[in-house]
Amino acid sequence: MDLRLAGKRAVITGASRGIGLAVADVLAGEGADVVLVARDQTALDAAAERVSRHGGRVLAVAADTTDDTAVRAMVDRAVEQWGGVDILVNAAARPGDPTAGSTLLELADDDLRVEIETKVLGYLRCIRAVAPHMIAQKWGRIINISGLGARQTGRMFGSVRNVAVAAMTKNLADELGRDGINVTVVHPGLTGTERIAGVVERLAAEQGVSTEEVEARIGGDNTIGRIVTAAEVADVVAFLASPRSVAITGDAVAVGGGAPGAIYY
1 MDLRLAGKRA
11 VITGASRGIG
21 LAVADVLAGE
31 GADVVLVARD
41 QTALDAAAER
51 VSRHGGRVLA
61 VAADTTDDTA
71 VRAMVDRAVE
81 QWGGVDILVN
91 AAARPGDPTA
101 GSTLLELADD
111 DLRVEIETKV
121 LGYLRCIRAV
131 APHMIAQKWG
141 RIINISGLGA
151 RQTGRMFGSV
161 RNVAVAAMTK
171 NLADELGRDG
181 INVTVVHPGL
191 TGTERIAGVV
201 ERLAAEQGVS
211 TEEVEARIGG
221 DNTIGRIVTA
231 AEVADVVAFL
241 ASPRSVAITG
251 DAVAVGGGAP
261 GAIYY
């Protein structure tokens, strides 16, 4: 299937590693021009070198999404270079630790403030900066990477931030839909990224077991029985970023390998 992404201009935050980098790589492979955004310029440059193998235009821009001025400057640079923005993928967020718990008496106010400032307001800042350009051209795709913590207990602040992203997504989808802009939220579960590989190796060493045993234990509680890879999440995001996804907006798309026993309707 041709996703009709050739020539589309995409901004991906959190793009120096993990799901953000995987999304940038898939979009570039489909012919899109990509702006890679993260805080670390050195890591961004390495990511851009990897993504540029597809032969398209790649721009690496260091920006902190907790800083509205930096976000606007990043979008201005993308528009100046390429004339506009067609796709925004928000993936810049502090990742959760799958081995960490959180009880009421352990919760600290400042930890929630960090989560909201980075993942919820950070996403909102980026959307606010690109939306006028999408409205002007009457077309756009915005995909917010959230997480299945929105549907699960166990880490309260993870649930709160991810539910907030989903609520923001639906509100913006309703507001921007008549301007040709689709807004969706993607909920990954535990995903095979560089960081998770490090967690698996640490647990295996601490417990004296194989990495395969750890992966089966922490990632095998989904329907497919294994950890979903970042590239597999990115494939879903690429479809949502394409013109072919016009019938999907405002909704949450789970990409965690299936939740056994649960029925969502």
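For the record, in the sequence shown the residue sitting at position 27 is 27 according to our numbering, with numbers rising by one throughout.
Beta carbons: idealized from backbone N, C-alpha and C, even for Gly.
Spatial neighbours of residue i in its chain, beta-carbon cut-off 6 Å, leaving aside the 5 residues before and after
| i | result |
| --- | --- |
| PRO260 | THR223 |
| ARG17 | GLU194 |
| ASP45 | ALA60 |
| ALA231 | ALA22 |
| GLN41 | ALA62 |
| ASP270 | Any question about residue 270 goes unanswered here, given that the chain covers just 1 to 265. |
Cross-strand partners of residue i (DSSP beta bridge)
| i | result |
| --- | --- |
| VAL183 | ILE142 |
| ILE87 | ALA10 and ARG141 |
| ASP33 | ARG9 |
| VAL253 | VAL186 |
| ALA262 | None, per the DSSP bridge assignment. |
| GLY192 | THR229 |
| ALA62 | ALA38 |
Residue closest to residue i, alpha-carbon to alpha-carbon, out of the options
| i | options | result |
| --- | --- | --- |
| VAL237 | GLY192, VAL253 and ALA247 | VAL253 |
| VAL23 | LEU5, ASP64 and ARG217 | LEU5 |
| ALA166 | VAL183, HIS133 and ARG155 | VAL183 |
| ASP251 | VAL26, VAL233 and MET168 | MET168 |
| ASP68 | ASP45, CYS126 and VAL26 | CYS126 |
| ASP64 | VAL163, ILE248 and THR13 | THR13 |
| ALA173 | ALA15, ALA247 and ILE19 | ALA247 |
| LEU9 | THR229, LEU88 and GLY147 | Looking at the sequence itself, residue 9 is Arg, so the reference to Leu does not match. Of the candidates THR229, LEU88 and GLY147, the one whose C-alpha sits nearest the C-alpha of ARG9 is LEU88. |
| ARG226 | GLY189, GLY208, PHE239 and THR249 | GLY189 |
| TRP228 | GLN207, GLY257, VAL85 and ALA241 | At residue 228 the sequence reads Val, which differs from the Trp that was named. The candidate whose alpha carbon is nearest that of VAL228 is GLY257. |
| ARG77 | ASP221, ARG161, VAL35 and ARG113 | VAL35 |
| TRP82 | ASP33, GLY208, ARG202 and ALA28 | ASP33 |
Local Cβ density within 10 Å of residue i, reported as buried at 16 or more and exposed below that
| i | result |
| --- | --- |
| ILE263 | exposed |
| TYR123 | buried |
| GLY149 | buried |
| ALA108 | exposed |
| ASP235 | exposed |
| ASP86 | buried |
| GLU30 | buried |
| ASN162 | buried |
| LYS119 | buried |
Sequence-distant residues of its chain with Cβ nearer than 8 Å to residue i (five each side left out)
| i | result |
| --- | --- |
| ALA204 | SER210, THR211, GLU213 and VAL214 |
| VAL200 | THR211, VAL214, GLU215 and ILE218 |
| ALA91 | ILE12, THR13, GLY14, ALA15, GLY18, ILE19, GLY20, VAL23 and ILE145 |
| ALA7 | Inspection of the sequence shows that residue 7 is occupied by Gly rather than by Ala. Excluding sequence neighbours, GLY7 sits near GLY31, ALA32 and ASP33. |
| THR153 | SER159 |
Residue-chain proximity (residue i, chain B), Cβ-Cβ < 8 Å
| i | result |
| --- | --- |
| ASN171 | Reference to chain B is not applicable here, since this structure consists of a single protein chain. |
Neighbourhood of residue i by C-beta, 7 Å cutoff - its chain only, sequence neighbours within 5 removed
| i | result |
| --- | --- |
| THR249 | ALA173, GLY177, ASN182, VAL183 and THR184 |
| ALA48 | LEU36, VAL58 and ALA60 |
| MET74 | VAL37, VAL61 and ALA63 |
Practice task
Scan the region 143-181 and note each continuous alpha helix (DSSP H) run of 4 residues or more that stays entirely inside, going in chain order.
Solution key: 156-176
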